[in-house]
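Chains as they are written, first to last, in my numbering: chain X, 19 to 519; chain W, 19 to 519.
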């Protein structure tokens, strides 16, 4: 049996290795590749994806998984070996359900649709995108139909990234969150806005990069197993558990962009760096789900990086780095600036309080489109109505309205957004547990010490990789279910100090 | 037939793509990879090499090549299609002759032997390397024996990189070159040495990089299809004809290192960038041989980059970049400094006149070892004797003696060195032809114009890629055979102006 199990691991490692090689090609494409490399790079990526897919649906792999079922069943559910077989089987069964021909069509559609979006968005030409979105909705429904027996058509699509999260449950949870958030946003934005002029001076690129790297080193990002490079749209990527990289961008007229994006990506990266090395090359060697991943990037970015304790420690340092720009700016002013709440149009730039409203609008739209309850041609107007209702503003055009995010034009319609809000909710749940175990964490942060928190997260979340689903992990860590309570308590406590709530 | 030909091209492109993906992994390993990435990177490279090798020896490929023989024979020898089939068959037949098991053994040996060298060289411990070198010699003889019918045991090994060059011919050619060079070195080094103190001041890294990039841009290196990064041992690498990169290193106390290594690598790169795009992904889409490749790096580094005309144009620019360091240094002093001839121990740092003596000592040693005419344990002494005879100096130890180069410890013993001297000889032959066609080239260089030369090289050498062997290319370009005359004429003319010869 051990021989078969080793054969399984060998096969899975080849798949994992091919995927990680593809990730390196993607990274290079986004960081250093000269323009002339584009055509061949596309071909190389397609070849690696094809080789990986062939190995992922190899009937020999299915046979091995069948033969290993008795071994799996002889072990405890949470043993490493049983978990490996269980997760590998889940992925294999998912992979073989979708005909390769359909996958090609879908990727071809993503490519066409993305290219159309690149042209249409700057021209504010939503009309040109209607046929692409309509086809996108149809294809995503078809994709869902390869997984019959679902309760909601979005469920199989959500399963791709947030396995086990059900639409009905999320809809209720998000509605509850929206009910709480909308009046808070209203109350806060009726008060005078925070002054963030201190963040909008000229901050040289090299100094911003230096400071960001100093911060994440102190947080616990391991530069022996990672590095940072520049790109247009920051991301985290991984070529092995020993090589987890992040990217960033710098706006010299804004101190917060590079810093918080660096902390955000380092949160994703510390999660991956914290996975047990034994899981290298197996399906367990990655984050549990989109939501759990986002919970960690948001934890480090917001719960840590925008906390008062964090800035009690780091503000003298950033002030020393930028003495002219921050001369006469008090810690309190700076802290309020990095936590400024405002009605805004752009999701990726939104503050902690409004962010989830952006996300939930998109989640609701995905569901309505998939249900055929909303027609693509009515999307722009629906967008404006929801922004008016939730946020109290209206985008001047569709460019910063419905065409704002790349997701629906380069990926699935359905399953693309819930992870962001799930991340905020789960992040607060995990963090509350960490505080319960170690009430000294906030005081430590104010002294620049982050290892108690980091170690707790490694022990309770990171090390497990994908052994457990998000729901299983929440159960193990909190003893309960996904819940917005800790998140709302956190927001009310923090912003209640900054505004009258 | 067209269908079969297209199938051949598809198969060859997959092999080429896998190899180029491997090249990107190597590049990243030498430039940016954090230490923690090493283990998985080795595994990823091995996987890609295995997949590429499987496809290279696929009997279906052999069958296709057989079926395409009538098509090949119906076409002129120098047609693209016939050349593609011919070169693909040459590679296929070579690949299937060596058992995969032997190749694994060989690579395992390289790996062990390289690791031993990394430890033994700094310790000046040649003894520890004797068993590795002995095994290396045995394995290389065995490798040659998979290609029976050779005239000299080194021929099959030379064929791997300089196809068609025969040991007997090279031995005669090199002996002739040595006879000419030894007395010239003697004559020059009896005269007062050039003063190169102006190159040994402090030159900040960023300025050196700037200047080097400015130079190679003007020479014709295309940054839309390439870029430069830093590494320990500079090299050129290619991921497609649209992405040909170079690397460099900087010593802040030496102006010439980064500059000439950058020009050298850009010469390799301009060769690859000049290959016809139709050859992308085929066995024709690379340089003709190690020798022809080196001919171009050495042409741009020496025949161009160390010429008087080049510095008439660039000296005011480098002086403007480093006004303090080069204050009061005349063009003539600077020109003599970058062309300083001296007896030296290290091949990679040798000047134009002595360089080939270093190479030919190594070539002779390879032959003697393979012939079992020289025993590994006698190598250090043989080395010293030859250096005394050819160069008039003796290394203080084996570190800078026989353990100097990595080649024999990480690659074949046999075929590893002749390309360097072949490059110098061929480079001068091609350059002489270019001057015959365009006598204005030296005057143009003095005005910073390099496109006449560059275009001539693209038209006559670069565009053909691997369509022709080195010997065929020399025949086409010069109408004659490989010959040291143009090279010796060049050296005598140039150094006759700098020294009494």
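We put the beta carbon where it would ideally sit given N, CA and C, even for glycine.
*Does any residue of chain X bring its CB to less than 8 Å from the CB of residue 257 (chain W)?*
So, interface residue.
Exercise for the section: Identify which residue in W:169, W:291, W:191, W:127 has its Cα closest to the Cα of residue 13 (chain W). Expected result: No information on residue 13 (chain W) is available, as it lies outside the stretch 19 to 519 that chain W covers here.
Problem - Cβ of residue 200 (chain W) within 8 Å of any chain X Cβ - result: No, no contact with chain X.
query = Residues of chain X with a CB under 8 Å from the CB of residue 446 (chain W): which are they?
reply = Ordered by position in chain X, no residue passes the 8 Å Cβ test against residue 446 (chain W), which lies about 31 Å from the chain.
Exercise. Can residue 142 (chain X) and residue 220 (chain X) be called in contact, C-beta distance under 8 Å?
Worked result: Their beta carbons are not under 8 Å apart, which means residue 142 (chain X) does not touch residue 220 (chain X) by this criterion.
Exercise for review: Take residue 175 (chain X) as the anchor and find which of X:291, X:433, X:261, X:469 has the nearest alpha-carbon.
Suggested key: Of X:291, X:433, X:261, X:469, the residue nearest in Cα terms is X:433.
- prompt: How about residue 305 (chain X): is its C-beta nearer than 8 Å to some C-beta of chain A?
  reply: Absent from the structure is chain A; the protein chains it does hold are X and W.
Option nearest residue 123 (chain W) by Cα separation, candidates W:137, W:103, W:150: Each of W:137, W:103, W:150 was checked against the Cα of residue 123 (chain W), and the nearest Cα belongs to W:150.
| With burial defined as no fewer than 16 other Cβ atoms inside 10 Å of the residue's Cβ, what is the status of residue 256 (chain W): buried or exposed? | Buried, since its Cβ has 16 or more Cβ neighbours within 10 Å.
(request) Kindly indicate which residue of X:381, X:27, X:64, X:98 has the alpha-carbon position closest to the one of residue 44 (chain X). (result) Per the C-alpha coordinates, the member of X:381, X:27, X:64, X:98 positioned closest to residue 44 (chain X) is X:64.
* Asked: By how many angstroms is the C-alpha of residue 370 (chain W) removed from the C-alpha of residue 520 (chain W)?
  -> Nothing can be reported for residue 520 (chain W), as the shown portion of chain W is limited to 19 through 519.
* To do: Would you list the one or two residues that DSSP bridges to residue 255 (chain W)?
  => Looking at the DSSP output, residue 255 (chain W) shares a beta bridge with W:263.
Rounded to the nearest angstrom, how far is the Cβ of residue 354 (chain W) from that of residue 217 (chain W), given a contact under 8 Å? Taking C-beta atoms under 8 Å as the contact rule, residue 354 (chain W) and residue 217 (chain W) fail to qualify, at a distance of about 11 Å.
Practice task
Could you check the C-alpha separation between residue 411 (chain W) and residue 368 (chain W) for me, to the nearest Å?
Solution key: Our two residues, residue 411 (chain W) and residue 368 (chain W), have alpha carbons roughly 13 Å apart in a direct line.
query = Along chain X, in chain order, which residues have C-beta atoms closer than 9 Å to that of residue 57 (chain W)?
reply = Chain-ordered, the chain X residues with CB closer than 9 Å to the CB of residue 57 (chain W) read 258, 260, 298.
Can you look up residue 247 (chain X) in the DSSP assignment and give me helix, strand or coil? Three-state DSSP puts residue 247 (chain X) in a strand.
Three-state secondary structure (DSSP) of residue 523 (chain X): With chain X running from 19 to 519 in the structure shown, residue 523 (chain X) is simply not present.
inquiry  = For the segment 227 to 256 of chain W, list every residue whose C-beta sits within 7 Å of some C-beta in chain X, in sequence order.
reply    = If the cut-off is 7 Å between Cβ atoms, the segment 227 to 256 of chain W has 241, 242, 243, 244, 245 near chain X.
* What three-state label does DSSP hand residue 211 (chain W) in the structure shown? -> DSSP places residue 211 (chain W) in coil when its eight states are reduced to three.
TODO: Closer than 8 Å, Cβ to Cβ, to anything on chain W: give me those residues from the segment 45 to 75 of chain X, in chain order.
DONE: Hits within the stretch, in order: 46, 50, 51, 52, 53, 54, 55, 56, 57, 58, 59, 61, 62, 65, 66, 69.
Would residue 246 (chain W) pass as a contact of residue 266 (chain W) if the rule is Cβ separation under 8 Å?
-> Yes, the Cβ-Cβ distance between residue 246 (chain W) and residue 266 (chain W) is below 8 Å.
For this session: Using a threshold of 8 Å, state whether the C-beta atoms of residue 288 (chain W) and residue 318 (chain W) are closer than that.
Result: Yes, these two residues count as a Cβ contact at 8 Å.
_In chain order, each alpha helix (DSSP H) run of at least 4 residues that lies wholly inside the segment 310 to 379 of chain W_ = Correct list: 326 to 339, 349 to 356.
Quiz item: Within 8 Å (strictly less), CB to CB, does residue 286 (chain W) reach chain X?
Solution: No, residue 286 (chain W) does not count as interfacial toward chain X.
*For residue 39 (chain X), three-class secondary structure by DSSP*: Here DSSP, grouped into helix, strand and coil, assigns residue 39 (chain X) to helix.
Could you give the C-beta distance for residue 205 (chain W) and residue 360 (chain W), rounded to a whole number, given that I count them as a contact under 8 Å? Contact check for residue 205 (chain W) and residue 360 (chain W): beta-carbon distance about 13 Å, past the 8 Å limit, so the pair fails to qualify.
- request: Note the first and the last residue of the continuous alpha helix (DSSP H) segment covering residue 178 (chain W).
  value: Where residue 178 (chain W) is concerned, the enclosing alpha helix (DSSP H) stretches over 173 to 179.
Nearest candidate by alpha-carbon position, reference residue 98 (chain W), set W:420, W:259, W:302
Closest by alpha carbon: W:302.
Beta-carbon of residue 330 (chain X) versus every beta-carbon of chain W: anything under 8 Å? Output row for residue 330 (chain X): interface = no.
query: Rounded C-beta distance between residue 420 (chain W) and residue 397 (chain W)? I'm assuming under 8 Å.
result: 5 Å between Cβ atoms; contact.
query = How is the alpha helix (DSSP H) around residue 284 (chain W) delimited, first residue to last?
reply = Counting along the chain, the alpha helix (DSSP H) containing residue 284 (chain W) begins and ends at 273 to 291.
Note to self: Here's the rule I'm using: 16 or more other beta-carbon atoms within 10 Å means buried, otherwise exposed. How should residue 11 (chain W) be labelled?
What the structure shows: With chain W represented from 19 up to 519, any question about residue 11 (chain W) goes unanswered, as that position is not in the structure.
| request: State yes or no: is the beta carbon of residue 38 (chain X) nearer than 8 Å to at least one beta carbon in chain W? | output: Output row for residue 38 (chain X): interface = yes.
* **At least 3 beta-carbon pairs within less than 8 Å: the segment 481 to 500 of chain W vs the segment 296 to 315 of chain W** => Because the criterion of three Cβ pairs below 8 Å is met, the segment 481 to 500 of chain W and the segment 296 to 315 of chain W touch.
In the segment 77 to 90 of chain X, which residues sit with their C-beta less than 7 Å from some C-beta in chain W, listed in chain order? Of all residues in the segment 77 to 90 of chain X, none has a Cβ within less than 7 Å of some Cβ in chain W.
Decide if the segment 498 to 515 of chain W is in contact with the segment 436 to 455 of chain W; the criterion is three or more beta carbon pairs, one per stretch, under 8 Å apart.
A contact exists between the segment 498 to 515 of chain W and the segment 436 to 455 of chain W.
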